[in-house]
Amino acid sequence: MAFIADKLILFGATGDLAQRMVLPSLCALDADHLVARDLKIIGTARSEHDDAGFRAFAGAALEKYLPEDRKAAIPAFLERLSYQTLDASDPSGFAVLAAKAGTVDDGLAIFLSTAPSLFEPTIKGLAASGLASDKTRIGLEKPLGTDLGSSCHINDAVSVAFPEERIFRIDHYLGKETVQNLLALRFANVLFEPLWNAQHIDHVQITVAETVGLEGRVGFYDGAGALRDMVQNHMLQLLALVAMEPPHSYEAASIRDEKVKVLRALRLPGEGDSVTGQYRAGAISGAAVPGYDDELGKDSDTETFVAIRAHIDNWRWKGVPFYLRTGKRLPERKTEIVIQFKAVPHSIFAGKGARSEPNKLIIGIQPRENIGLTVMAKIPGLDRGGIRLREVPLDISMPDAFAGPKKRIAYERLLLDLIEGDQTLFVRRDEVEAQWHWIDAIREGWGEHGVVPKTYTAGSWGPSAAIALAERDGVTWHE
Ligand code: BG6
């Protein structure tokens with residue numbers, strides 16, 4: 001299946017994701033000559049544009065979202081673009097798109113970023129118009145359904161026209177350099193792996209905190225909520241990378257085989273294992289922000305915050321809780337994984353009055369990209385009143401360690417892999433379905449027990465019940 005696509009069809013080409021991420025990423029790849037010289041990009045959406053109109057639209061988006069030092073590449077990139085207006089809900093309209101694309105015998109990559117309701121007609125249209133040939137790969141952007149049933153339905157529909165090895169399900173967290181670095185940290189170092197288990201790890205915390213609120217995505221977000229928007233995909237992928245067994249090689253099959261085992265081993269959470277919240281008016285970095293209900297313009301039971309205590313039922317993780325927490329309008333933007341190790345089995349310093357804190361490994365994903373390890377050290381002194389110990393951090397800042405290589409955003413990596421056909425950083429069907437299985441069980445539990453989100457003030461770390469969820473186990477969230 002080794003071919004490099006020389007055409008790319010971008011569905012949802014006038015959407016927010018295309019403007020903010022996809023077009024800027026493609027422009028950056030182009031500027032660095034990473035895509036074929038003759039790569040043609042055909043945008044399509046319902047909006048009426050001709051080629052020139054779409055180029056002007058894309059040009060404006062690139063001016064807005066590309067960093068200043070990248071803007072020189074815009075005019076040449078725009079030359080690659082053309083556009084076809086299309087109502088994707090009507091498969092009969094795809095013939096014009098196929099005509100616009102011309103021959104696709106050398107390889108076609110499709111990036112589908114549309115409403116879930118358009119997936120099925122789009123696939124039918126692609127198949128009927130000859131655009132789903134055996135030289136076509138399709139990239140699918142979330143949301144891929146709203147529960148296991150609808151996700152299976154979409155996956156079934158896609159599989160009619162595309163085999164799994166040409167389906168690229170996007171979870172943009174996997175495109176982040178610091179997320180990929182988790183694999184290097186775990187499997188390119190001998191240091192951590194012997195300790196990476198229930199014998200030495202007390203618990204794991206995964207936090208994905210955002211300061212933003214609804215960001216104009218009112219319709220979508222209120223129908224989704226934090227659990228489906230963030231946990232079902234990004235957070236479970238982070239959890240799987242932290243918890244998986246060592247894969248045999250850095251290949252799509254090996255890595256995905258190991259991730260799916262973890263996802264399938266997730267215990268279905270019980271009633272007391274999750275807390276939901278919804279933000280009310282407050283302040284972030286000193287600026288007043290409205291509550292979710294104000295932004296939405298109505299009351300809603302959608303959660304903008306969720307905290308979960310998860311367990312992985314296998315030998316390695318027996319009895320080790322994984323605390324997951326994500327929310328909108330939290331005090332800072334921070335994605336972080338904390339590995340809390342156990343205390344030393346016996347402290348030789350206890351008799352000298354010294355307290356020894358267990359080690360902690362902190363993996364900063366964003367915005368700080370760092371790896372920090374807290375280590376106990378002796379405070380210098382003559383110790384006549386007893387030995388004093390203190391935690392000192394060993395801190396590796398990734399940007400400082402790698403000042404040379406260019407920093408790429410997640411979609412640059414993922415689009416390049418889609419064009420070139422590397423599935424390692426894409427999510428396989430069995431993974432998505434295992435993720436939904438777990439998420440559905442949580443939502444069912446909420447339904448059964450009549451769980452409604454507790455309020456929290458924007459700019460706080462969520463409802464106090466989330467703090468209690470961890471503190472019941474003697475655990476404090478790392479802030
Ligand atoms: C998206 C969610 O998948 O991820 C958004 O739909 C969220 O609600 C975004 O804001 C966060 O991505 P990042 O890369 O900014 O952490």
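Every letter in the sequence shown is one number past the one before it in this note's numbering, and letter 81, counting from 1, is 81. Glycine included, every Cβ here is placed at the ideal spot set by N, Cα and C.
Who does residue i pair with in a DSSP beta bridge?
| i | result |
| --- | --- |
| residue 363 | 337, 371 |
| residue 280 | 457 |
| residue 323 | 205, 309 |
| residue 427 | 169 |
| residue 376 | 391 |
| residue 397 | 370 |
| residue 137 | 109 |
What I want to know is whether the C-beta of residue i ends up closer than 7 Å to one or more non-hydrogen atoms of the ligand BG6.
| i | result |
| --- | --- |
| residue 306 | no |
| residue 335 | yes |
| residue 435 | no |
| residue 16 | no |
| residue 346 | no |
| residue 177 | no |
| residue 134 | no |
| residue 505 | The requested residue 505 is not part of the displayed model; the chain covers only 1 to 479. |
| residue 147 | no |
| residue 153 | no |
| residue 172 | yes |
| residue 230 | yes |
| residue 19 | no |
| residue 366 | yes |
| residue 449 | no |
| residue 407 | no |
| residue 142 | yes |
| residue 234 | yes |
Which residues in the same chain as residue i place their Cβ atom closer than 7 Å to its Cβ, once the five residues preceding and following it in sequence are excluded?
| i | result |
| --- | --- |
| residue 465 | 275, 454 |
| residue 84 | 42, 44, 96, 97, 100 |
| residue 290 | 281 |
| residue 475 | 203, 323 |
| residue 172 | 410, 411, 414 |
| residue 161 | 123, 126, 127, 132 |
| residue 266 | 310, 312, 438 |
| residue 344 | 356 |
| residue 24 | 62, 65, 66 |
Output yes if chain B places a C-beta closer than 8 Å to the C-beta of residue i; else output no.
| i | result |
| --- | --- |
| residue 368 | No chain B appears in the structure shown, which is made up of a single protein chain. |
Near residue i, which residues of its chain fall below 6 Å by C-beta distance, leaving aside the five closest residues on each side in sequence?
| i | result |
| --- | --- |
| residue 316 | 197 |
| residue 82 | 42, 51 |
| residue 366 | 335 |
| residue 35 | 29 |
What residues in its chain sit with their C-beta under 8 Å from that of residue i, if we drop five residues either side in the sequence?
| i | result |
| --- | --- |
| residue 375 | 359, 391, 392, 393, 394 |
| residue 446 | 274, 276 |
| residue 121 | 88, 89, 90, 91 |
| residue 441 | 268, 269 |
| residue 116 | 143, 144, 145, 146, 150, 154 |
| residue 300 | 222, 278, 292, 293 |
Along the chain, which unbroken stretches of the alpha helix (DSSP H) at least 4 residues long are found entirely within the region 75 to 135? 94 to 101, 119 to 128
What residue ranges within the region 2 to 48 form continuous beta strand (DSSP E) runs of no fewer than 3 residues, ordered along the chain? Within the region 2 to 48, the complete beta strand (DSSP E) runs of at least 3 residues are 7 to 11, 40 to 45.
In chain order, which continuous runs of the alpha helix (DSSP H) of length 4 or greater are located wholly inside the region 231 to 301? 236 to 243, 252 to 264, 292 to 296
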